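Residue numbering for the sequence shown follows my numbering, starting at 109 and increasing by one per position. We put the beta carbon where it would ideally sit given N, CA and C, even for glycine. What you are looking at is a predicted structure, and each value in this text was computed from that prediction instead of being measured.
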Amino acid sequence: MKIIETAGRNPEPFMPMLKAAGIKVIHKCTSVRHALKAEAIGCDIVSVDGFECAGHPGEDDVTNLVLLPAAAARLSIPILASGGIVNGYQMAAAFALGAEGINMGSRFVATREAPVHEHVKQAMVDADERETVLIFRSLNNTARVFKNKVSLQVLAIEARAGETDFAEIQPLVAGSRGRKAVLEEGDIDAGIWTVGMAVGLIHDIPTCADLLQRIIAEAREAVEMRMKPLLT
Ligand SMILES: Cc1cc2nc3c(=O)[nH]c(=O)nc-3n(C[C@H](O)[C@H](O)[C@H](O)COP(=O)(O)O)c2cc1C
Numbered sequence: 109m110k111i112i113e114t115a116g117r118n119p120e121p122f123m124p125m126l127k128a129a130g131i132k133v134i135h136k137c138t139s140v141r142h143a144l145k146a147e148a149i150g151c152d153i154v155s156v157d158g159f160e161c162a163g164h165p166g167e168d169d170v171t172n173l174v175l176l177p178a179a180a181a182r183l184s185i186p187i188l189a190s191g192g193i194v195n196g197y198q199m200a201a202a203f204a205l206g207a208e209g210i211n212m213g214s215r216f217v218a219t220r221e222a223p224v225h226e227h228v229k230q231a232m233v234d235a236d237e238r239e240t241v242l243i244f245r246s247l248n249n250t251a252r253v254f255k256n257k258v259s260l261q262v263l264a265i266e267a268r269a270g271e272t273d274f275a276e277i278q279p280l281v282a283g284s285r286g287r288k289a290v291l292e293e294g295d296i297d298a299g300i301w302t303v304g305m306a307v308g309l310i311h312d313i314p315t316c317a318d319l320l321q322r323i324i325a326e327a328r329e330a331v332e333m334r335m336k337p338l339l340t
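Right, here's the structure in full:
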């Protein structure tokens, strides 16, 4: 089966082409209204991305504990829970809230296979859940990134009165700079890099296979040990 994930803006112009090619479309949304729109234009699945997520959480700031059930109550198409998830306990919780699958971004960055510098992976293991910041808020294009020298510098510029001049922050946030920091040199302070609040729940650097097996085992344990007793 061929699947494409769209995100960031309305995929409607591409839908006829994708449908004609028999491709299933997952649209990632950060709000119920956008998820409903995705359903209305024919998306097959929505990935509901809570405020915890890495990257662009939107401007509504609704976390998954509320966003997932709010979306599940209104949608007919399947929901993937996205944002903040790294383990099977959270997967079981997401299922309880109405999701039928999960999506993980940050967790996969701290795996053996990820083509990311070891210093970055180690910084993720060392970080707690407070070590992300929201940049670009003043530009109405919020992004959650790792708290480091560069992202704090961006925030200081944004905190100044008046409108943010993107030209002033552009050299700091340039993709080439982040890429160099994260992929090539391993200098975690050299550029901005995307990570979610889930960084505080990441404590090791497993292979993807080990990670997935562990998640399934944890989800089973969550249901057996933590939820099933509710039925007795
Ligand atoms: C390193 C990294 C790069 C990402 N790049 C993009 C991107 O280019 N476009 C996008 O829509 N989301 C991007 N995301 C966000 C993920 O697709 C996903 O929504 C998010 O990671 C889910 O939250 P989590 O990190 O807490 O699992 C990125 C996430 C990470 C960690």
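Straight-line Cα distance separating residue j from residue i
| i | j | result |
| --- | --- | --- |
| Ile187 | Asp169 | 19 Å |
| Lys110 | Glu276 | 41 Å |
| Val217 | Leu291 | 11 Å |
| Asn195 | Pro121 | 36 Å |
| Ser259 | Ile243 | 7 Å |
| Glu329 | Ala267 | 45 Å |
| Ser246 | Gln278 | 14 Å |
| Glu221 | Ala317 | 10 Å |
| Ile300 | Val174 | 29 Å |
| Gly206 | Val156 | 11 Å |
Residue from the options with nearest C-alpha to residue i
| i | options | result |
| --- | --- | --- |
| Glu226 | Val133, Ala115, Ile313 and Phe122 | Ile313 |
| Met125 | Lys136, Asn195 and Gly150 | Gly150 |
| Ala180 | Arg252, Gln261, Ala267 and Ala204 | Ala204 |
| Arg215 | Ala325, Val262, Ala200 and Met305 | Met305 |
| Gly70 | His142, Glu147 and Ile131 | Lying outside 109 to 340, the shown extent of the chain, residue 70 is not represented and no answer is given. |
| Ser190 | Gly213, Leu338 and Met333 | Gly213 |
| Val281 | Leu309, Ala251 and Leu176 | Ala251 |
| Ile324 | Val224, Gln198, Val253 and Gly299 | Gln198 |
C-beta contact flag for residue i and residue j at 8 Å
| i | j | result |
| --- | --- | --- |
| Lys255 | Asp297 | no |
| Gly286 | Val228 | no |
| Gly192 | Asn211 | no |
| Ile134 | Glu160 | no |
| Thr219 | Thr315 | yes |
heavy atom of ligand 1 below 7 Å from residue i C-beta
| i | result |
| --- | --- |
| Glu332 | no |
| Thr171 | no |
| Asp297 | no |
| Ala275 | no |
| Lys288 | no |
| Gly213 | yes |
| Ser284 | no |
| Glu329 | no |
Complete beta strand (DSSP E) runs within the stretch 231 to 277 (minimum length 3 residues, chain order): 240 to 243 and 251 to 254
Sequence ranges, beta strand (DSSP E) only - wholly within the stretch 109 to 179, length at least 3: 111 to 115, 132 to 137 and 153 to 157
3 or more residues per run - each beta strand (DSSP E) lying fully within the stretch 286 to 338: none
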